[in-house]
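Below is one structure; the comments refer to it alone.
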Amino acid sequence: MEILSNLWDQVFNPEIRPGLHPIPGSVPLTLEAAVCPPLVYYIALLFLAPPPPNGIETTPIKLLRNSLAILAGVLFFRLPLAYHVPQSIGLTYQLGLVGLYGGCRVVDAFFISPYLFGHIPRRVRYEHVSRPSTPALEHKPQNLKEWSNGGVKDPFMGINDASNRVSHRARKEKSTPPSTSTSSDTRRPSIMDHAEDYFSRTLSGPDPKPVYETAHTEEGWPQTFLERASWAFELELSMRGIGFTWTTADVRHTRRTWLPTVSNRVHSLFLRSGPVLFVAWTIIKYTYTTYLFPYADISWDEQPYHLFDTLPLANQLLLTGALGAFLMAAFSFGHSLFAIVLHPLSPSPLAFFPPLYTTRVWDITSVRRFWSYGWHRLFARLFLVYGVWPGEWLERKLLGKRADQPADIGKVLGGFGSSAFVHAFSVRGVLEGNWFMAAGEAKFFALNGVAVVVEGIVVRVVRAVRTQRGWPSEMWYDAWFGRVWWIAVLLGTGRNFARGWVKACLVREMAFM
1 MEILSNLWDQ VFNPEIRPGL HPIPGSVPLT LEAAVCPPLV YYIALLFLAP
51 PPPNGIETTP IKLLRNSLAI LAGVLFFRLP LAYHVPQSIG LTYQLGLVGL
101 YGGCRVVDAF FISPYLFGHI PRRVRYEHVS RPSTPALEHK PQNLKEWSNG
151 GVKDPFMGIN DASNRVSHRA RKEKSTPPST STSSDTRRPS IMDHAEDYFS
201 RTLSGPDPKP VYETAHTEEG WPQTFLERAS WAFELELSMR GIGFTWTTAD
251 VRHTRRTWLP TVSNRVHSLF LRSGPVLFVA WTIIKYTYTT YLFPYADISW
301 DEQPYHLFDT LPLANQLLLT GALGAFLMAA FSFGHSLFAI VLHPLSPSPL
351 AFFPPLYTTR VWDITSVRRF WSYGWHRLFA RLFLVYGVWP GEWLERKLLG
401 KRADQPADIG KVLGGFGSSA FVHAFSVRGV LEGNWFMAAG EAKFFALNGV
451 AVVVEGIVVR VVRAVRTQRG WPSEMWYDAW FGRVWWIAVL LGTGRNFARG
501 WVKACLVREM AFM
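Heads up, the sequence shown is in full-length UniProt numbering, so the first residue is 1 and it goes up one at a time.
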């Protein structure tokens with residue numbers, strides 16, 4: 001009982017933890033403030049679907065629905081502005097993400113989609129039918145699963161690098177004639193090959209389940225109150241673009257795909273995400289205790305904003321890479337954990353978790369392909385409505401393009417611009433509401449958007465020059481150059497990201513200090 005009492009006191013202790021600097025005037029988050037926004041949003045969703053055929057959508061019902069939606073939106077937007085979580089810097093940061101995302105979702109669901117596009121989300125049911133596994137191709141490594149293909153054509157992926165990645169064992173079996181010798185010299189390669197294959201299978205994990213995937217959109221709307229309540233509840237939980245016609249739920253874009261199993265998820269937790277989390281955390285802990293801890297006793301106002309820049313350049317890059325790896329692994333860990341816990345709900349869309357990372361790190365050869373990962377699926381609708389669509393509209397307006405013409409530059413810059421604002425708004429909540437200090441994350445995402453546009457232009461120019469000179473459009477070194485390029489861009493621009501996290505003491509909390 002004493003342990004529970006201490007835990008209760010820690011959870012509801014209004015005293016601000018060391019290192020947390022919330023927006024001035026904000027107060028500790030209360031239970032009512034946390035529950036009211038999603039509750040009012042749910043009540044409003046009960047009136048979103050069209051009424052039954054024998055019902056009438058009267059003006060009072062519309063006013064009630066829109067009033068509830070406006071109230072829910074205000075409560076969501078107010079959440080990170082008026083409250084903070086005194087026990088945690090990270091949770092206060094996430095409060096900004098939740099508030100902004102929730103408010104934008106309400107505005108989209110009740111006003112933008114219905115009134116501008118005449119669209120109300122419909123349920124989507126997924127079916128997965130087992131299919132025979134595809135035999136390995138001749139020029140394909142045996143441990144490369146088809147589900148790792150994200151469906152994104154990488155401009156830096158050269159022909160030689162993409163198609164001639166033959167496994168060591170396959171090359172050896174093809175080039176080495178069979179021998180009947182029993183000497184130790186001839187047995188050693190086979191033992192080494194066996195150990196290599198065993199190690200490769202251990203890292204790769206169990207094979208995913210080959211399936212045909214189909215998605216069926218429901219035609220009708222909920223009729224009874226219980227059906228409407230279930231529909232509203234599922235729609236509120238549809239945060240990943242899954243289960244409703246909000247946005248693409250999967251980045252693989254194919255019916256013939258692979259479905260991760262619980263064994264795949266468990267393997268990912270213990271042999272992939274877990275070790276990466278531990279190594280990244282160790283680097284963060286070491287960096288903080290070695291270089292940043294001496295500044296902990298200095299008043300926050302007296303600490304320089306560029307405290308991160310006092311680190312040696314090598315340690316800056318190391319800390320930046322560790323923070324990125326930690327976040328990627330944490331996303332994967334949580335994704336796999338939720339997939340395991342909710343697996344008994346199959347075949348409900350609530351249990352459907354498409355692969356989060358659909359390309360191996362070594363196969364990434366451009367900034368565009370790095371950001372084509374599925375980690376942004378949670379915010380995909382927000383980036384689409386508030387970034388991609390306005391960016392495309394602006395490009396067409398400025399350049400006089402027709403509606404059916406692509407506007408890729410506006411699409412990319414708009415998506416990254418919306419992401420820049422979302423993250424800057426969130427980190428501002430732990431930087432005393434200072435927009436200047438929060439600009440680091442905005443710079444990171446904005447510069448990456450520019451990098452995606454620049455690399456696309458460079459690739460097209462280089463290929464045009466090669467074609468004019470009669471050279472192959474893709475060279476063997478393109479993929480290697482692309483790998484150096486995206487790593488340099490992420491580490492270089494990521495220093496802006498890490499700088500804000502050091503000043504906000506998020507690194508301090510991650511180091512458990």
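Note that the Cβ used here is the ideal one computed from N, Cα and C, for glycine as well.
Quantities reported herein were computed from a predicted structural model and do not represent experimental measurements.
| If you count every other CB in all the chains shown that lies within 10 Å of the CB of R508, and 16 or more means buried, which is it? | Here residue 508 is taken as the residue at index 508 of the sequence shown, counted from 1. Per the 10 Å Cβ criterion, buried.
| query | Between which two residues does the beta strand (DSSP E) carrying A215 extend? | reply | Numbered from its first residue, the sequence shown carries residue 215 at position 215. Note, A215: beta strand (DSSP E), 209-217.
| What's the call for G415, buried or exposed, on a 16-neighbour Cβ count within 10 Å? | Translated into the one-based positions of the sequence shown, residue 415 becomes position 415. Classification of G415: buried, given that the 10 Å Cβ count is 16 or more.
| field | Option nearest R131 by Cα separation, candidates W258, L75, A215, A109 | value | Mapped onto the sequence shown, residue 131 falls at position 131. Looking at the Cα atoms, W258 is the closest of the given residues.
| request: Could you say which of R495, L491, V489 lies nearest to T310 if we only look at CA atoms? | output: Counting from 1 along the sequence shown, the entry for residue 310 is found at position 310. The candidate whose alpha carbon is nearest that of T310 is R495.
| task | Tell me where the alpha helix (DSSP H) around E127 begins and ends. | result | Position 127 of the sequence shown holds residue 127. Unbroken run through E127 is the beta strand (DSSP E), 124-130; no alpha helix (DSSP H).
| Nearest to V367 by alpha carbon, out of I457, S299, V427? | For this step, residue 367 is matched to residue 367 along the sequence shown. When only C-alpha atoms are compared, the closest one is I457.
| task | Put T97 into one of helix, strand or coil per three-state DSSP. | result | By 1-based counting over the sequence shown, the position of residue 97 is 97. It should be pointed out that residue 97 corresponds to Leu in this sequence rather than to Thr. Residue state, collapsed to three classes: helix.
| request: Find out if the Cβ-Cβ distance for the pair G96, S426 is shorter than 8 Å. | output: Along the sequence shown, read from residue 1 onward, the residue named residue 96 stands at position 96. Along the sequence shown, read from residue 1 onward, the residue named residue 426 stands at position 426. Contact: yes.
| query | Of all the options F110, I120, I112, L319, which has the alpha carbon lying nearest to the alpha carbon of F497? | reply | As a first step, residue 497 is located in the sequence shown; it is residue number 497 there, counting from the start. Checked all of F110, I120, I112, L319; the closest Cα to F497 is L319.
| query | Using 8 Å as the Cβ pair cut-off and three pairs as the minimum, do the segment 425-439 and the segment 468-486 touch? | reply | no
| query | Nearest to V106 by CA position, among V74, S88, T92, is which residue? | reply | Indexing the sequence shown from 1 puts residue 106 at position 106. Comparing Cα positions, the closest option is V74.
| message | Is L97 close to chain D? Criterion is C-beta to C-beta, closer than 8 Å. | response | Here there is only one protein chain, and chain D is not present.
| task | Run the CB neighbour count on K62, radius 10 Å, all protein chains shown included, and call it buried at 16 or more, exposed below. | result | The count along the sequence shown starts at 1 and reaches residue 62 at position 62. Exposed: under 16 other Cβ atoms inside 10 Å.
| said: Please list the terminal residues of the continuous alpha helix (DSSP H) segment that includes K401. | reply: As a first step, residue 401 must be located in the sequence shown, where it is residue number 401. Per DSSP, K401 belongs to no alpha helix (DSSP H) and is neither H nor E.
| field | Straight-line gap, F379 to Y101 (C-alpha atoms, nearest Å) | value | Position 379 of the sequence shown, counted from the first residue, corresponds to residue 379. Position 101 of the sequence shown, counted from the first residue, corresponds to residue 101. Those two C-alpha atoms are separated by around 8 Å.
| Which same chain residues, not among the five before or five after C505, have their C-beta less than 6 Å away from its C-beta? | Here residue 505 corresponds to residue number 505 of the sequence shown, with the count starting at 1. Taken in chain order, the residues that qualify are G19, I89.
| task | Just tell me which of I409, V412, A439 has its CA closest to the CA of residue 518. | result | Absent from the model: residue 518. The displayed extent of the chain is 1 to 513, so no value can be given.
| query | Can we count F331 as close to the ligand MN, meaning its CB is less than 7 Å from some heavy atom? | reply | The ligand MN is absent from the structure shown, which contains no ligand whatsoever.
| What whole-angstrom Cβ distance do A329 and A280 have, given they're in contact under 8 Å? | On the sequence shown, residue 329 is found 329 positions in, with the first residue counted as 1. On the sequence shown, residue 280 is found 280 positions in, with the first residue counted as 1. Correct: roughly 6 Å between the Cβ atoms.
| query | What are the boundary residues of the alpha helix (DSSP H) that includes L235? | reply | In the sequence shown, the residue the question calls residue 235 occupies position 235. From DSSP, the alpha helix (DSSP H) with L235 extends over 225-237.
| query | Hey, how far is the Cα of Y41 from the Cα of L68? | reply | Mapped onto the sequence shown, residue 41 falls at position 41. Mapped onto the sequence shown, residue 68 falls at position 68. Near 7 Å, if we compare the C-alpha coordinates of L68 and Y41.
| query | Going by other Cβ atoms of all chains shown within 10 Å of its Cβ, with 16 needed for buried, is L413 buried or exposed? | reply | Residue mapping note: residue 413 aligns to position 413 of the sequence shown, counting from 1. L413 should be labelled buried.
| said: Checking the sheet assignment: what are the DSSP bridge partners for W371? | reply: For the purposes of this step, residue 371 is identified with residue 371 of the sequence shown, where counting begins at 1. None, per the DSSP bridge assignment.
| Backbone CA spacing between T217 and Y295 [nearest angstrom] | Within the sequence shown, numbered from 1, the residue matching residue 217 stands at position 217. Within the sequence shown, numbered from 1, the residue matching residue 295 stands at position 295. Each residue's Cα considered, the two are about 57 Å apart.
| What residues match up with W258 in a beta bridge as DSSP calls it? | What you label residue 258 is simply residue 258 of the sequence shown in a count that begins at 1. DSSP output for W258 lists P210 as bridge partner(s).
| Contact belief for P390 with Q223 at Cβ below 8 Å, rounded distance in angstroms | The count along the sequence shown starts at 1 and reaches residue 390 at position 390. The count along the sequence shown starts at 1 and reaches residue 223 at position 223. Contact flag wrong, Cβ pair sits at about 37 Å.
| said: Based on DSSP bridge pairs, tell me the residues matched to Y291. | reply: The residue labelled residue 291 in the question sits at position 291 within the sequence shown. The partner list for Y291 (beta bridge, DSSP) is empty, contrary to what the question assumes.
| Contact belief for Y126 with P347 at Cβ below 8 Å, rounded distance in angstroms | Residue mapping note: residue 126 aligns to position 126 of the sequence shown, counting from 1. Residue mapping note: residue 347 aligns to position 347 of the sequence shown, counting from 1. So it is a contact: roughly 7 Å between Cβ atoms.
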